[in-house]
Amino acid sequence: MATLDPERAGAAPWLLSAPALLLFGSLLLVPLLLTLVLSFHVFSDSQGTLATYTLRNYLEVITDPYYGAIFARTAGMAFTVTFLCILLGVPETIVLARMKRPWQSICLLVVLGPLLISVVVRTLGWQILLGNNGVLNNALQALHITSEPIRLVFTMTGVVIALTHVLVPFMVMSVWATLQKLDPQVEWAGRSMGASPFRVFRRVVLPQILPGVLSGSIIVFALSASAFATPALIGGRRLKVVATAAYDEFLGTLNWPLGATIAVLLLIANVAIVLGCSRLAERRFKHIFD
Amino acid sequence: MKQNGFLGLLFNALFLAFIAAPLVVVIAVSFTDKGFISLPFDGASLRWFRAILANDQMVDAFWLSVRLALVAATVGVALALPAALAIARYRFPGRAALTGFFLSPMMIPAVVLGIAFLRFLSLLGLGGSFWALCATHVIIVLPYALRLALSSAIGLDRDAERAALSCGASRFTAFRRVVLPMIRTGVAGGWVLAFIQSFDELTMTIFVATPGTTTLPVAMYNQIAQTIDPLVASVSTVLIVGTIVLMLVLDRMVGLDRVLIGETR
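Protein chains in written order, with full-length UniProt numbering: chain A, 1 to 290; chain B, 1 to 265.
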């Protein structure tokens, strides 16, 4: 008779996960390793990718101010978007948590629903809203707030607005998850001891939701640093970020080794920031996670 | 918890307007009767919805995306389910690493995945193959299916299964008749989420898509990158409405907060 003894796992878990493991090994690990190898290959304008090895691609990306500017622009964009997502997402989540059903469920659906709608569609909406002849500029001019259209398309401001819209649901999600664990009694306790609402927020609520804010920030930062569609469509050709630069190297100039180098550096930066911040958060908030 | 004040509700209203604005605008402009995007417009018509059906490129891309998402979601769930059961019910060395490995495609930037798949497929001479595209999408959607399957398999009561086994049921029968019905909603929710993720995927796919394997998001991206006409708006409107329907299905089945946030219930 078969038993369900968890002590004698044996080969069973590996057999069960073998199909997925096989697929991931051959179709995820191998391609990533091939990309790493590709980034050390030599590219020649006349002959394409050569099977000789060099560190030149890395030196070029790291020393050339052209790529330096792209990496700096991407980091600036990711920091601004993350900051705006905290500024908008955290208060919104707190407001949502204080709502009663069914309003709470409806509002949560409106906020999180767009995550399931294609990013192309959401970016198209912002292009229509932000264009020189777009809805926002027409409205501003009709209200005589500005006399000339404000340039938002093909500017970093436009990219940041659209990207904040695309990514702020992740912040709400993350803070919401920590707020669910929060005991409302503690807040009342603070109030009944005579603390002002602001003081209760700062000393009681804020420290408890901080882990959620931090993990939300990590997600938002990682996703905005590697965002492609929104910067490509709203930023345009000239306002390049890391993801669009890698795309152009691959499908524009066909310099695959250089494109692979940018991809490897993006992956390393991403993993370093995500793991670094997670470690920091775990150590700092160990008492909350346990 | 405390009630919201006036300022809180005002903030909420503005926030919801910010979230909804681009989607509302897309839907609004798709009903124009003009040949260009303008808002407000004088005459409303369904002209641009009829134009979708006349556009072979969009129609072909739509059906390709549907087939791709069907295959990717089904294969993804079929592979994720046994892996989720292994992770949920056994304690074995390497368990955490295995979980991390299966969830890693969510952490790797889609651009990096796209480049890696493009290099891999072109070395194998598989560029432009529909089945190769499916395989790359399975990698993308498997983490989502796994996470939902895990969340329903972890808290599972195992006494029912023990009872079935002690009554003489085979392992497979116990799984099919006892375990599967208990985790059904998580698995089905995972399938719907995987379908949406595959159907919407752009950044990875744009690298591996060829003229013969252009998915709908890639076709729309290529179109929007050149010019914005009401046609892309009407296609977007169809997508928004379709997604809302699927979203309500998901919400009914497993609860949208659980799909997106994790085990809060």
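Glycine included, C-beta positions come from ideal geometry on N, C-alpha and C.
Limits of the alpha helix (DSSP H) - the one that residue i falls within
i, result
"A/Ser217", "206–225"
"B/Ser151", "130–154"
"B/Phe102", "95–103"
"residue 281 of chain B", "Since the first and last residues shown for chain B are 1 and 265, residue 281 of chain B lies out of range."
"A/His144", "It is not in any alpha helix (DSSP H) - A/His144 carries neither H nor E in the DSSP assignment."
"A/Asn132", "Segment: none, A/Asn132 is in no alpha helix (DSSP H) and carries neither H nor E."
"A/Asp248", "242–251"
"A/Arg66", "The sequence shown places Tyr at residue 66 of chain A, rather than the Arg named in the question. 65–97 is the extent of the alpha helix (DSSP H) around A/Tyr66."
"B/Val112", "110–124"
"B/Thr237", "230–253"
"A/Glu187", "184–192"
"B/Leu85", "56–89"
"residue 271 of chain B", "Since the first residue of chain B shown is 1 and the last is 265, residue 271 of chain B is not available in this structure."
"B/Val190", "Looking at the sequence itself, residue 190 of chain B is Gly, so the reference to Val does not match. Unbroken alpha helix (DSSP H) run through B/Gly190: 180–200."
"A/Lys181", "156–181"
Classification of residue i by the beta-carbon crowding that lies within 10 angstroms, buried from 16 upward
i, result
"A/Leu15", "exposed"
"A/Asn270", "buried"
"B/His137", "buried"
"B/Pro105", "buried"
"B/Gln57", "exposed"
"A/Glu282", "exposed"
"A/Asn57", "buried"
"A/Gln185", "exposed"
"A/Met1", "Because the pLDDT of A/Met1 is 43, which lies under 50, any placement of that residue in the model is unreliable, and the number read from its coordinates should be weighed accordingly. Answer is exposed; the Cβ neighbour count stays below 16."
"B/Leu202", "buried"
"A/Arg73", "buried"
"A/Asn255", "buried"
"residue 296 of chain A", "The requested residue 296 of chain A does not occur in the structure, where chain A is confined to residues 1 to 290."
"A/Asp290", "Residue placement at A/Asp290 is flagged as unreliable, the pLDDT there being 48, under the threshold of 50; the coordinate-derived value follows with that caveat. That one is exposed."
Between the CA atoms of residue j and residue i - distance to the nearest angstrom
i, j, result
"B/Thr32", "A/Pro102", "35 Å"
"A/Asn138", "B/Phe62", "34 Å"
"B/Ile224", "A/Phe228", "14 Å"
"B/Thr264", "A/Thr146", "Because the pLDDT at B/Thr264 is just 41, under 50, the model does not fix this residue reliably, and the value given afterwards should be weighed accordingly. Whole-angstrom Cα-Cα distance: 47 Å."
"A/Val130", "A/Ala232", "Per the sequence presented here, residue 130 of chain A reads as Leu, with Val not at that position. So the alpha carbons of these two residues sit roughly 15 Å apart."
"A/Pro114", "A/Arg122", "8 Å"
"B/Arg67", "B/Asn4", "46 Å"
"A/Ile62", "A/Thr261", "10 Å"
"B/Leu70", "B/Gly168", "37 Å"
"A/Tyr67", "A/Gly194", "56 Å"
"A/Val200", "B/Gly8", "17 Å"
"A/Val264", "A/Val42", "16 Å"
"A/Arg202", "A/Leu182", "15 Å"
"A/Met156", "A/Ala225", "14 Å"
"A/Thr54", "A/Phe40", "5 Å"
"B/Ile115", "B/Leu124", "14 Å"
"B/Ile37", "B/Gly43", "13 Å"
"B/Arg177", "A/Ser278", "41 Å"
"A/Pro19", "A/Ile94", "43 Å"
"B/Asn222", "A/Leu59", "33 Å"
"B/Pro109", "A/Leu266", "8 Å"
"B/Arg119", "B/Leu142", "21 Å"
"residue 271 of chain B", "B/Val111", "Residue coverage of chain B in this structure runs from 1 to 265, which leaves residue 271 of chain B outside it and unanswerable."
"B/Thr214", "A/Glu187", "53 Å"
"B/Gly190", "B/Pro217", "21 Å"
"B/Leu121", "A/Leu32", "12 Å"
"B/Leu133", "A/Leu27", "11 Å"
"A/Ile128", "A/Ile161", "13 Å"
"B/Ala78", "B/Met182", "17 Å"
"A/Leu179", "A/Ser217", "16 Å"
"A/Ser17", "A/Met77", "39 Å"
"B/Arg252", "B/Ala188", "12 Å"
N- and C-terminal bounds of the beta strand (DSSP E) containing residue i
i, result
"A/Ser17", "Here A/Ser17 belongs to no beta strand (DSSP E); instead the alpha helix (DSSP H) covers 12–24."
"A/Leu50", "48–53"
"A/Val42", "41–44"
CB contact check: residue i to chain E, cutoff 7 Å
i, result
"A/Arg238", "Of the protein chains in this structure, namely A and B, none is chain E."
- Any 3 or more C-beta pairs closer than 8 Å across the segment 67–86 of chain A and the segment 161–181 of chain A: yes
- Determine contact between the segment 83–100 of chain A and the segment 213–225 of chain A, defined as no fewer than three beta-carbon pairs at a distance below 8 Å. yes
- Hey, is the segment 141–155 of chain B in contact with the segment 82–89 of chain B, meaning 3+ C-beta pairs nearer than 8 Å? yes
- Query: What residues in the segment 256–268 of chain A bring their beta carbon closer than 9 Å to a beta carbon of chain B?
  - Reply: Trp256, Gly259, Ala260, Ile262, Ala263, Val264, Leu266, Leu267
- Counting Cβ pairs, one atom from each stretch, are 3 or more of them under 8 Å apart for the segment 43–56 of chain A and the segment 156–163 of chain B? no
- Task: Taking a Cβ distance cut-off of 7 Å, strictly less, list which residues of the segment 82–113 of chain A are near chain B, in chain order.
- Result: Leu88, Pro91, Glu92, Val95, Ala97, Arg98, Met99, Cys107, Leu108, Leu109, Val110, Val111, Leu112, Gly113
- Message: With three or more beta-carbon pairs closer than 8 Å as the criterion, would you say the segment 104–113 of chain A touches the segment 207–214 of chain B?
- Response: no
- How about the segment 243–258 of chain B and the segment 188–199 of chain B: do they share at least three Cβ pairs that are nearer than 8 Å? yes
- For the segment 135–149 of chain A, which residues have a CB atom closer than 8 Å to at least one CB atom of chain B, in sequence order? Val135, Asn138
- Which of the residues in the segment 133–153 of chain B, read from start to end, lie with their CB under 9 Å from any CB of chain A? Ala135, Thr136, Val138, Ile139, Leu142, Leu146
- Between the segment 80–103 of chain B and chain A, which residues of the former have CB atoms less than 8 Å from a CB of the latter, in chain order? Ala80, Pro82, Ala83, Leu85, Ala86, Ile87, Arg89, Tyr90, Arg91, Phe92, Arg95, Leu98, Phe101, Phe102
- Positions along the segment 195–211 of chain B whose CB lies within less than 7 Å of some CB in chain A: Ile196, Asp200, Leu202, Thr203, Phe207
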